[in-house]
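**Q**
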Amino acid sequence: MVTDPVLLQAAADLFPNGISRYAVGGLLVGLGTVLIYVGTGIPAGASTFLESTLSYVSDQSRFQQYVASRDWRLVFTAGIVLGGLAFAATVQSGLVTSSLYEPGTTGQLYEVAGVTLWQTDVQPWRLFVGGILVGIGTRIGKGCTSGHGVCGVGSASKTSLAGVLTFLTVAIGTAQVVAALGVSP
Amino acid sequence: MSDRHPLFKPLVFVGGIVFGFGLGFSHMARPEVVLNFLQFEDLGLPFVMFGAAIVSGIAFALLPRIRDAAPLTGDPYERRLKPFDRNVLVGGAVFGVGWGLSGICPGAAYASLGVGNVTILWALAGMFLGAYAQGYWRSRNHARDTAPTGAD
Numbered sequence: 001m002v003t004d005p006v007l008l009q010a011a012a013d014l015f016p017n018g019i020s021r022y023a024v025g026g027l028l029v030g031l032g033t034v035l036i037y038v039g040t041g042i043p044a045g046a047s048t049f050l051e052s053t054l055s056y057v058s059d060q061s062r063f064q065q066y067v068a069s070r071d072w073r074l075v076f077t078a079g080i081v082l083g084g085l086a087f088a089a090t091v092q093s094g095l096v097t098s099s100l101y102e103p104g105t106t107g108q109l110y111e112v113a114g115v116t117l118w119q120t121d122v123q124p125w126r127l128f129v130g131g132i133l134v135g136i137g138t139r140i141g142k143g144c145t146s147g148h149g150v151c152g153v154g155s156a157s158k159t160s161l162a163g164v165l166t167f168l169t170v171a172i173g174t175a176q177v178v179a180a181l182g183v184s185p
Numbered sequence: 186m187s188d189r190h191p192l193f194k195p196l197v198f199v200g201g202i203v204f205g206f207g208l209g210f211s212h213m214a215r216p217e218v219v220l221n222f223l224q225f226e227d228l229g230l231p232f233v234m235f236g237a238a239i240v241s242g243i244a245f246a247l248l249p250r251i252r253d254a255a256p257l258t259g260d261p262y263e264r265r266l267k268p269f270d271r272n273v274l275v276g277g278a279v280f281g282v283g284w285g286l287s288g289i290c291p292g293a294a295y296a297s298l299g300v301g302n303v304t305i306l307w308a309l310a311g312m313f314l315g316a317y318a319q320g321y322w323r324s325r326n327h328a329r330d331t332a333p334t335g336a337d
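Going down the list, the protein sequences come from chains A and B. Just so we're aligned: 72 in this note's numbering is position 72 of the first sequence, and the numbers increase by one with no gaps anywhere. Just so we're aligned: 294 in this note's numbering is position 109 of the second sequence, and the numbers increase by one with no gaps anywhere.
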């Protein structure tokens with residue numbers, strides 16, 4: 001085994017933060033999905049929560065089909081938020097260290113009660129306008145990065161593969177245009 | 186479906202925690218990192234999405250061979266298959282513009298709130314607004330269109 005320095009350099013350029021944090025994080029995302037699936041048979045996606053939660057406050061017929069699942073979807077989402085907090089309280093705070101975790105330099109860190117929290121530099125208008133389109137698009141398109149991208153692709157669903165290819169291609173184009181227009185961060 | 190096993194919600198909760206921890210660890214809860222991928226500055230993101238898809242895919246393939254039904258619901262183990270129609274492409278494209286503009290998708294946005302990113306509330310407010318707008322519009326149209334929607 002001789003490591004090729006040209007290949008190593010190319011990998012360092014394409015993966016400036018390594019790949020282990022991505023791979024380990026992905027395994028955990030998959031594991032969370034599997035836990036729920038093993039016990040319940042449900043391949044859980046994250047975006048249906050938006051419509052199912054709206055059924056608590058709106059009597060529009062579109063939302064009523066999610067009344068049966070809205071309670072557990074709320075629990076699932078609360079778990080995701082708490083999982084993010086658990087990550088912040090351990091790895092992000094330096095309480096747990098691992099060679100598999102590359103901290104990165106984006107955004108800003110701040111501390112509350114000994115827990116290192118993180119905040120984005122991406123402008124609020126981008127998050128808000130992007131959020132509106134995400135809210136419309138995932139619901140019309142029947143899924144998001146977890147529903148289509150993880151559960152659907154994991155199910156070898158042609159519909160989900162088409163969905164993922166569509167949103168991945170369009171997102172890359174959009175981000176390139178936005179960057180070319182000089183919008184940063 | 187209303188009276189499910191007492192462990193149903195606790196399991197969903199624990200699954201959500203592991204899911205959210207993974208989104209934090211992978212930095213998908215950071216919009217900047219997603220945008221860096223979409224601009225080809227850090228190609229790590231597919232390791233998250235496809236890594237997770239491989240792990241869940243193994244379970245989706247194996248479980249139906251081992252058991253007939255899930256212990257907490259009695260539901261059969263099935264793959265996640267949704268009917269294909271034009272909406273998948275139209276909705277996917279709209280989602281793509283939003284994802285490319287903001288670097289945020291639903292699951293990662295919830296986890297982002299957990300890692301302390303209070304600014305993400307702008308994205309969450311936007312998502313609910315967008316989901317409500319499409320629901321309002323489709324509720325109107327659905328009244329005329331009696332065909333049942335796909336199961337979920």
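Yeah, the Cβ is synthetic: ideal placement off N, Cα and C, and Gly gets one too.
Does DSSP put residue 101/A in a helix, in a strand, or in coil?
**A** Correct three-state label for residue 101/A: coil.
**Q** Do residue 127/A and residue 287/B count as a contact pair if the criterion is CB distance below 8 Å?
**A** Yes; because the gap between Cβ atoms is below 8 Å, this pair is in contact.
**Q** Does residue 5/A pass the burial test, meaning 16 or more other C-beta atoms within 10 Å, or should it be called exposed?
**A** Under this definition residue 5/A is an exposed residue.
**Q** Mind listing which residues of the stretch 258-272 of chain B have their C-beta closer than 9 Å to chain A's C-betas, in chain order?
**A** So the close ones are 258, 259, 260, 261, 262, 263, 264, 265, 266, 267, 268, 269, 270, 272.
**Q** Pick out whichever of 65/A, 59/A, 176/A, 151/A has its Cα sitting closest to the Cα of residue 235/B.
**A** Nearest of 65/A, 59/A, 176/A, 151/A to residue 235/B, Cα basis: 151/A.
**Q** Contact criterion: CB-CB distance below 8 Å. Does residue 56/A meet it with respect to chain B?
**A** By this cut-off, residue 56/A is not an interface position.
**Q** Could you tell me whether any Cβ in chain A is nearer than 8 Å to the Cβ of residue 196/B?
**A** Judged by the 8 Å Cβ criterion, residue 196/B is in contact with chain A.
**Q** Output yes or no for whether 8 Å exceeds the beta carbon distance between residue 79/A and residue 199/B.
**A** Cβ atoms of residue 79/A and residue 199/B: closer than 8 Å.
**Q** Between which two residues does the beta strand (DSSP E) holding residue 240/B run?
**A** Note, residue 240/B: premise wrong, no beta strand (DSSP E); alpha helix (DSSP H) at 230-251.
**Q** Could you give the first and the last residue of the continuous beta strand (DSSP E) run that contains residue 110/A?
**A** 108-112 is the span of the beta strand (DSSP E), which, as asked, contains residue 110/A.
**Q** Is there a C-beta anywhere in chain A that falls below 8 Å from the one on residue 202/B?
**A** Yes, its Cβ sits closer than 8 Å to a Cβ of chain A.
**Q** Given this structure, state the Cα-to-Cα distance separating residue 109/A from residue 227/B, to the nearest angstrom.
**A** Looking at the two C-alpha atoms, the distance is approximately 21 Å.
**Q** According to the neighbour-count rule (16 or more other Cβ atoms, all chains shown, within 10 Å of its Cβ), is residue 276/B buried or exposed?
**A** Buried: at least 16 other Cβ atoms inside 10 Å.
**Q** Taking DSSP as the reference, what is the three-state secondary structure of residue 117/A?
**A** Residue 117/A: strand per DSSP, three-state reduction.
**Q** Could you check what DSSP says for residue 254/B in three-state terms: helix, strand or coil?
**A** DSSP places residue 254/B in strand when its eight states are reduced to three.
**Q** In three-state terms, what does DSSP make of residue 261/B?
**A** If DSSP states are grouped into helix, strand and coil, residue 261/B belongs with the strands.
**Q** Answer with yes or no whether the minimum CB distance from residue 120/A to chain B is below 8 Å.
**A** Judged by the 8 Å Cβ criterion, residue 120/A is in contact with chain B.
**Q** Thinking C-alpha only, which one of 230/B, 265/B, 301/B is nearest residue 211/B?
**A** Of 230/B, 265/B, 301/B, the residue nearest in Cα terms is 230/B.
**Q** Is any beta-carbon of chain A found at less than 8 Å from that of residue 191/B?
**A** It does not: the Cβ of residue 191/B has no partner Cβ on chain A nearer than 8 Å.
**Q** Could you pull out every residue in the same chain whose Cβ sits closer than 6 Å to the Cβ of residue 66/A, ignoring the five residues on either side in sequence?
**A** The answer, listed in chain order, is 51, 52, 55.
**Q** Here's the rule I'm using: 16 or more other beta-carbon atoms within 10 Å means buried, otherwise exposed. How should residue 313/B be labelled?
**A** When all chains shown are included, residue 313/B counts as buried.
**Q** Shorter than 8 Å from the beta carbon of residue 67/A to some beta carbon of chain D?
**A** The question asks about chain D, but that chain is absent: this structure's protein chains are A and B.
**Q** Go ahead and pull the three-state DSSP assignment for residue 295/B.
**A** Note: residue 295/B maps to helix in three-state DSSP.
**Q** Classify residue 290/B as helix, strand or coil using the three-state DSSP reduction.
**A** Residue 290/B: coil per DSSP, three-state reduction.
**Q** Whole angstroms are fine: how far does the CA of residue 246/B sit from the CA of residue 285/B?
**A** Whole-angstrom Cα-Cα distance: 32 Å.
**Q** State buried or exposed for residue 105/A, treating a residue as buried only when at least 16 other CB atoms are found within 10 Å of its CB.
**A** Exposed is the call here.
**Q** Looking only at C-alpha atoms, which of 190/B, 195/B, 214/B sits nearest to residue 88/A?
**A** Cα-wise, what sits closest to residue 88/A is 214/B.
**Q** With C-beta atoms as the reference, is residue 146/A less than 8 Å away from residue 46/A?
**A** Yes, the pair counts as a contact, with Cβ atoms nearer than the cut-off.
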